[in-house]
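Asker: I have a structure I would like to understand better, so I am pasting it below and will then ask my questions one at a time.
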Amino acid sequence: MKKWLVVLIVLSLILSVGFQATCNENETVTVPLVVVYLESPDQIAALLEAGLDIVGIDLVNLEIEVVLNDYDREYLDNAGLKYDILIEDLTYYGPETTEFGIMSMGREDYRQWHEIEEELQTFEEIYPDLTRLHILGHSHQGRPIYALEISAAPGVNDGRPESVHMALYHAREWPTTEMALDLAWYLLDNYGIEEKVTNIVNTIRVWIIPVVNPDGYVHSQNVYQMWRKNRRHNSDNSWGVDLNRNHSYNWGGVGSSGVTTSDTYRGPSPTSEPELWAIRDLFLGRHIITTLSGHTHGRYVLWSWGYKPDLIPDHSVHADLGYQYQAFNGYPMNRVGPSNTTIYATSGASDDWVYGVFRGISFTFEYGTAFIPPYMGTITTANQLVTEQFGTISGNLLTFSVLPGGGER
Ligand SMILES: [Zn+2]
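Residues 3 to 411 (the numbering used here) are what the sequence shown spells out, left to right.
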């Protein structure tokens with residue numbers, strides 16, 4: 003690439019995204035999305051075991067989509083596998099003027115980590131009777147794992163049903179944090195106004211965990227956008243564990259990798275990561291019935307099992323709710339189901355842990371059509387459509403609907 007072009011791109015990044023001065027050192031790293039052509043279904047298991055950064059698998063045409071980080075490129079070249087570029091550059095270059103003319107909470111771009119911390123502090127000031135801000139634990143680099151509790155009776159453990167909405171297990175999946183925080187504002191701003199919201203807040207204890215992986219988020223925003231894992235410094239000097247492969251339930255199996263440089267590296271042992279100690283400790287002390295974990299992308303609604311192709315005993319409860327969400331957001335019908343058979347095998351993911359250990363109703367939502375789509379804002383009135391870029395707040399409210407007080411189905 004020509005030098006002046008690099009300078010222009012870096013300049014436009016600084017201007018449009020407002021990155022801090024220290025943030026632009028690696029802004030010209032571009033990571034493509036590729037389609038890899040396979041010859042037999044057996045190769046898929048090998049690629050999952052190798053821990054390629056797989057986005058989707060097409061079993062009919064024997065094609066997989068891979069985020070081509072250095073590790074993936076090296077692996078594919080060594081294996082002699084052919085691939086073509088689908089998207090040359092997955093980098094997010096700043097907000098787009100929204101055709102809807104509505105920016106979330108007056109925002110015009112994705113929240114930076116320091117903005118999230120500041121924003122979280124304001125909830126208790128504005129809604130002291132409905133919120134408590136908790137720190138569940140700390141990341142490898144010492145950043146807090148925050149949980150915002152929303153309830154008409156905050157700060158007590160009275161056995162009422164609880165619902166957890168988690169976001170940003172994966173560093174590059176920025177829209178998930180936007181969705182989580184806007185859901186929090188939506189519940190609070192509409193308490194006492196919308197009957198359904200009032201019922202939820204009166205009867206259910208809601209936990210919003212906007213950033214499970216703060217170190218990864220900061221790394222993705224400042225250094226390498228397509229970063230996925232946390233920032234554990236591995237013993238071989240590589241970096242990161244995939245937090246959504248590190249949960250203890252059936253940890254270590256297919257769909258996770260033992261290779262430290264892989265993007266699906268499962269970590270040295272089950273629940274080895276402090277970010278997950280925080281999540282675990284919340285669940286152990288609580289009465290959590292429904293859980294939603296936000297990811298991008300693909301417009302999928304997924305549940306357990308990830309580690310094996312069998313149906314869970316509570317499949318029909320999940321399917322009932324899952325198809326409502328799919329219909330609400332207009333996601334494709336064939337992208338709703340157990341993750342193992344709907345997208346690909348995973349071991350150590352959050353849904354298997356929540357369902358396997360607690361028998362909780364647990365969903366993974368894969369919002370939208372890109373890891374970091376152009377920012378268009380989410381909106382805080384329930385029934386306005388945010389299009390395929392994200393999902394809708396109302397869609398997320400469906401996860402409350404199986405709980406007493408959670409409104410109509
Ligand atoms: Zn993800």
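Where a beta carbon is used, it is the ideal one built from N, C-alpha and C, also for glycine.
Can you give the Cα-Cα distance for residue 398 and residue 331, rounded to whole angstroms?
Answerer: Taking the straight line joining both Cα atoms gives about 10 Å.
Asker: Does ligand 3 have even one heavy atom less than 6 Å from the beta-carbon of residue 284?
Answerer: Looking at this structure, you won't find ligand 3 anywhere; what it does contain is ligand 1.
Asker: Are there any heavy atoms of ligand 1 lying less than 6 Å away from the beta-carbon of residue 249, as far as the coordinates show?
Answerer: no
Asker: Any heavy atom of ligand 1 closer than 6 Å to the beta-carbon of residue 175?
Answerer: yes
Asker: Does residue 415 pass the burial test, meaning 16 or more other C-beta atoms within 10 Å, or should it be called exposed?
Answerer: Outside the shown range of the chain (3 to 411) lies residue 415, about which nothing can therefore be said.
Asker: So for residue 222, helix, strand or coil by DSSP?
Answerer: In the structure shown, the three-state DSSP call for residue 222 is helix.
Asker: So residue 292 packs on residue 401, CB below 8 Å; how close in whole Å?
Answerer: 5 Å
Asker: Do you know how far the Cα of residue 64 is from the Cα of residue 146?
Answerer: 42 Å
Asker: On the criterion of 16 or more Cβ atoms from any shown chain inside 10 Å, does residue 157 qualify as buried, or is it exposed?
Answerer: Per the 10 Å Cβ criterion, exposed.
Asker: In whole angstroms, what is the alpha-carbon distance linking residue 94 and residue 312?
Answerer: 38 Å
Asker: Based on Cα-Cα distance, which residue from 183, 367, 272 and 234 lies nearest to residue 121?
Answerer: 183
Asker: Figure out for me which residue from 165, 174, 286 and 357 has the closest Cα to the Cα of residue 189.
Answerer: 165
Asker: Taking the straight line between their C-alpha atoms, what separation do you get for residue 172 and residue 244?
Answerer: 8 Å
Asker: Please list the segments of the alpha helix (DSSP H) lying wholly inside the segment 64 to 131, counting only runs of 4 or more residues, in order along the chain.
Answerer: 72 to 81 and 115 to 128
Asker: How long is the line joining the alpha carbons of residue 117 and residue 187, rounded to whole angstroms?
Answerer: 15 Å
Asker: Figure out for me which residue from 40, 55, 48 and 45 has the closest Cα to the Cα of residue 373.
Answerer: Nearest C-alpha to residue 373 among 40, 55, 48 and 45: 55.
Asker: Could you tell me if the beta carbon of residue 172 falls within a distance shorter than 6 Å of some heavy atom in ligand 1?
Answerer: For ligand 1, at least one heavy atom lies less than 6 Å from the Cβ of residue 172.
Asker: Evaluate the contact criterion for the segment 123 to 139 versus the segment 274 to 290: three or more CB pairs, one atom per stretch, below 8 Å.
Answerer: yes
Asker: What residue range is occupied by the uninterrupted beta strand (DSSP E) comprising residue 147?
Answerer: 146 to 152
Asker: Give the secondary structure of residue 373 by DSSP, where H, G and I count as helix, E and B as strand, and everything else as coil.
Answerer: coil
Asker: Can you check which of these residues, 197, 181, 237 and 175, is closest to residue 221 by C-alpha distance?
Answerer: Per the Cα distances, 175.
Asker: Using a Cβ-Cβ cutoff of less than 8 Å, which residues in the same chain neighbour residue 316 once the five nearest sequence positions on both sides are dropped?
Answerer: Counting only Cβ-Cβ distances below 8 Å, and skipping sequence neighbours, we find 357, 361 and 363.
Asker: Measuring from the CB of residue 299, is there a heavy atom of ligand 1 at a distance below 6 Å?
Answerer: no
Asker: How would you write the range of the beta strand (DSSP E) that residue 207 sits in, first residue to last?
Answerer: Note, residue 207: beta strand (DSSP E), 207 to 211.
Asker: With residue 325 and residue 338 assumed to form a contact (beta carbons below 8 Å), what rounded beta-carbon distance in angstroms separates them?
Answerer: 6 Å
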